[in-house]
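Colleague: Numbering (the numbering used here), first residue to last: 71 to 177. The beta carbon of each residue, even a glycine, is placed where N, CA and C say it ideally should be. Can you keep this structure in mind? I'll have questions shortly.
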């Protein structure tokens, strides 16, 4: 009986310890995504983005959100999922810079 109780407690401890780890891993990407959203909106306000460029960048951010939600669905973000999300954010970062510095704008 003691073995069952001890193993159940160990299982519960592991389960509750894994959830904050998934949140800690995604905190950095959440902060990064927030900065990217700010850059998109700032560029749109300044007129550096056309409406189409703005829409495309917003759509890209929504895809990153979806990927993060699906990665965290099981309660743990694996290393490969984390790398995939980082690559998506790297790509979005380059696109934000390129679109806001391409000389086209909404006048």
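What would DSSP say about residue 165, mapped onto helix, strand or coil?
Modeller: If DSSP states are grouped into helix, strand and coil, residue 165 belongs with the helices.
Colleague: How many Å lie between residue 155 and residue 131 at the Cα?
Modeller: Straight-line Cα distance between these residues: approximately 11 Å.
Colleague: Alpha helix (DSSP H) containing residue 127: first to last residue?
Modeller: Its alpha helix (DSSP H) spans residues 121 to 141.
Colleague: How long is the line joining the alpha carbons of residue 159 and residue 134, rounded to whole angstroms?
Modeller: Distance between the alpha carbons of residue 159 and residue 134 is about 7 Å.
Colleague: For residue 176, which of helix, strand or coil comes out of DSSP?
Modeller: Coil.
Colleague: Tell me whether the stretch 141 to 155 and the stretch 122 to 129 touch, counting them as touching only if at least three CB pairs, one residue from each stretch, are closer than 8 Å.
Modeller: No: the two stretches stay apart, fewer than three of their Cβ pairs being nearer than 8 Å.
Colleague: Could you check whether the stretch 139 to 150 touches the stretch 112 to 120, counting it as contact only if at least three pairs of C-beta atoms, one from each stretch, sit closer than 8 Å?
Modeller: With a cut-off of 8 Å, the stretch 112 to 120 and the stretch 139 to 150 do not count as touching, because too few Cβ pairs lie within range.
Colleague: Who are the Cβ neighbours of residue 169 in its own chain at under 7 Å, not counting the five residues just before and after it?
Modeller: Cβ within range, chain order: 119, 123 and 127.
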